[in-house]
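Residue numbers (the working numbering), protein chains in the order written: chain R, 2 to 806; chain H, 404 to 681.
Every residue, glycine too, gets a C-beta built ideally from N, C-alpha and C.
Since we're looking at a predicted model, the values are computed, not measured.
What follows is a set of notes on a single structure, which appears directly below.
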């Protein structure tokens, strides 16, 4: 966190100054470890074993927060008698189809008979959980993660001591948890632990994800993701969602706040198509494009290579350096007819046809690459108005400080004027396929000499309007009759009362410690989600020290905006046929869930199992010690030329590597490698190795090393450091190599890209690549130049018995 | 003004000729909370338009800056330490980070040796090079006991931290302190900073961090106390700081006295020789 989020890390330092104990779990000793009380080096890709052992510790030691668990989670739910756990099927859950490598989640659903409040029924979630995690022992942690039992005990004791009515523990993670073939289940494991300890919905608790860029949270809320619409409404699928009703039936549950999905969706359609959207035409639901499969970034790249994708727009993204399997990324770009790159600098993804490892090795020449590249310079964040949404869902407005230079324009300008020009071309068209574009509400006020669309007008559209054109006060005002419009239901209220709430900057000293008047947090300016859980079932704070919101006899009140209906009493019991939030009881804090409970066991929504299980990374030096099933059975693999995988174990690729960022550089380098003041601070690609590995392979500090995988080979300067330590795993020594991934073939400082080593292998829930762990070999010296580079990679593949490309 | 060149000096600005100067300002750099982000280095260069200082990997941990110099006015040192556990097996790793800067000495040798008056004492008690007066003679370079000030090869002039003279006069804090996310770099009246530092030191000692110590806060030290002082977690040498810096002009009066005596003796000898010839 200190490495990649130094500004946010100040709050960890403040917590430390106030007595918080900081543990840092990471393969390497980083700047974060330097500040932590304790650093626990871990083998990359084994976190579920560590977290699972903590869960086992809580359950077997009776350390769970029983009243919280009983009332606020689904611990007491009885499961289907046909459900089989990984305990029964050696690492698989029931419903697995080996032919399609997918699960049918039918048996994961709850049984009809409902709950056992004593938590003793053998099929209740609590007991299933207990059995499931029983094999996650401190000994297993030692064998799989490389963390000694006394170190584990120190962590477990600290977490126990710091959880309960009086105290809360927070877990903070970043892409070190998400970028795995089991990434979602890493976070699920943390969620189970936090629910068992009562650390969700309470001040100082939670699971905090640190996003990789400014406003990545915002680009999930109003998504750049192919399968989501704004506010986490799903994208419709061809054939499944023929009309609005069939879409809404599958979009989300009918109980809890998703019960208003019709109002959210129709208001979105009204924001996009205005008067053209009405009840008779399903509010233009047919205008939405439909999914026909996986259109994620990696599938798209493979489709480019296969000639199925002809044009591509890159906005502030540098996949030639920043995405896994860099060579395939660049080959994809080289297969396009046209490419638009909007960036601050001439990044590698704009210059791949001229400078790239493929050009250098002679594999491609500029003459034979037919891609027409349009580079459009972009405005930086100080050159445009807009919001950042940070990880705590806080929207903060930023004002333009100066005009962008020369031809540089904001993305908002680009999209708006692109839309205007396309509509100009289509004007007068009678072809129904053009209606969705022609009917769009595309009428933003323009500002300044470049005719910038007003960013505040866009924010107002996102906030939404009522039938009279007044800005909405929040999402509860949304209606499903077409009388309201709203560009993103969870953001509704960010422009309440006609005021840009996100631009508020009242200093912390002038308001309460929750600071509700700094920016605006979705939903409804709530700073902690599910904060009903900060009070006990009767509505009283669990303790004075952790009091946050409470029931005062007539309504919910406290330090934050209650994440609950203001006047629903703790004693409320829903009538049998109730829908939406009325179907949830007065002691059901998780108001987005259909049953209002925190899900220890997930009956639906995940494709790889209702409970987390440890699977080895796709490329691993060891076999899975927990189950016969080696890796996540539903992970997405793409065995094809250019994407060959290193075999499990073996001595051709004997070492583990992990990729990461440094404070001084930013992701794929577009915002840092072109700036002298940042480039001079980390001027060269390097690899971090332990003294033991350096001795084993003859690597010399400050000299060069070549790192080889089945995809490519790269060179890096060697940093031999005690901050990387070999681990003893299953009786043998496992070496891990650290590789920052910032460098490429453009910029002030240049170097090889770590991502060239990675394969495309994905988490099936999110389609996120496993870039935190893979295997490789390392040898002293620089890599071969020219055609000899690919020859080296081929020679290694032959040694490992990997099919030829 | 018997202490103008050495020893404690109650008001350095007054000593320099200011009447009723503002409180002396300085830096307290608490390295125990430095996370090594180098925001201080970048903010300093941005504000002061200091050029880049080369693009070479040093191999000295994450420090690719190397040292303070004409184009590096803040420098974050990274020190990797590994020691065996005090009890049991295994090793403890410690990664010390510390942002170094010009000390703005009470007795600033750079200033004292400057023949053109380019180096001045400001009303805030800080030491600043006036770039339009510096003639590049480099006397200051060899005079600095910390090796802070240096000449740029291209323009020949001497450059160093100004403690953001153009910011603090407007009531702003220096760029490095402003950018520091963990308040490792604190700016303010020196007396206040010394109090804060002593409280912080006590806290760390109570927490068992007995190796914590202050560096440069003592006005009876060799430079009369530094305007920019530090809390360190190890010996100064570990961070590349001199353990016992002494202002190089300390012995100037004595040297003049010796030189004067020698000159007198010489003159006397010459006179005698003339007398002797008679």
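Taking the alpha carbon of residue i as the reference point, which residue from the options has its own alpha carbon closest?
| i | options | result |
| --- | --- | --- |
| residue 616/R | 121/R, 626/R, 222/R | 626/R |
| residue 383/R | 424/R, 78/R, 410/R | 410/R |
| residue 499/H | 433/H, 448/H, 558/H, 556/H | 433/H |
| residue 379/R | 201/R, 511/R, 223/R, 341/R | 341/R |
| residue 612/R | 572/R, 80/R, 18/R | 80/R |
| residue 496/R | 465/R, 296/R, 321/R | 465/R |
| residue 339/R | 308/R, 317/R, 367/R, 373/R | 373/R |
Closest Cβ-Cβ distance between residue i and chain H: below 8 Å?
| i | result |
| --- | --- |
| residue 703/R | yes |
| residue 680/R | yes |
| residue 723/R | yes |
| residue 392/R | no |
| residue 8/R | yes |
| residue 43/R | no |
| residue 750/R | yes |
When DSSP labels each residue in this structure, what does residue i get in the three-state scheme?
| i | result |
| --- | --- |
| residue 178/R | helix |
| residue 251/R | helix |
| residue 465/H | coil |
| residue 313/R | strand |
| residue 506/R | strand |
| residue 382/R | helix |
| residue 411/R | coil |
| residue 486/R | strand |
| residue 367/R | helix |
| residue 125/R | strand |
| residue 579/H | helix |
| residue 495/R | coil |
| residue 49/R | helix |
| residue 543/H | helix |
Within the continuous beta strand (DSSP E) that includes residue i, where are the two ends?
| i | result |
| --- | --- |
| residue 778/R | 775-781 |
| residue 114/R | 111-116 |
| residue 688/R | 687-690 |
| residue 477/H | 477-487 |
| residue 210/R | 208-210 |
| residue 716/R | 714-721 |
| residue 498/H | 494-504 |
| residue 450/H | From DSSP, residue 450/H is part of no beta strand (DSSP E) but of the alpha helix (DSSP H) over 442-451. |
| residue 90/R | Where residue 90/R is concerned, there is no enclosing beta strand (DSSP E), although the alpha helix (DSSP H) it sits in stretches over 87-90. |
| residue 399/R | 395-399 |
| residue 26/R | 24-26 |
| residue 390/R | 387-390 |
Hey, does residue i have any beta-carbon neighbour from chain R nearer than 8 Å?
| i | result |
| --- | --- |
| residue 503/H | no |
| residue 579/H | no |
| residue 683/H | Because chain H here runs from 404 to 681, residue 683/H falls outside it and cannot be looked at. |
| residue 460/H | yes |
| residue 585/H | yes |
| residue 423/H | no |
| residue 509/H | no |
| residue 434/H | no |
| residue 442/H | yes |
| residue 654/H | no |
| residue 571/H | no |
| residue 456/H | yes |
Assuming residue i and residue j make a contact with CB atoms under 8 Å, what is their CB distance in whole Å?
| i | j | result |
| --- | --- | --- |
| residue 30/R | residue 724/R | 4 Å |
| residue 560/H | residue 583/H | 28 Å between Cβ atoms; not a contact. |
| residue 757/R | residue 327/R | 4 Å |
| residue 5/R | residue 662/R | 5 Å |
| residue 170/R | residue 198/R | 7 Å |
| residue 630/R | residue 91/R | 6 Å |
Going by DSSP, what residue range makes up the alpha helix (DSSP H) through residue i?
| i | result |
| --- | --- |
| residue 556/R | That residue, residue 556/R, is in no alpha helix (DSSP H); it is neither H nor E in DSSP. |
| residue 119/R | Careful: residue 119/R lies outside any alpha helix (DSSP H) and carries neither H nor E. |
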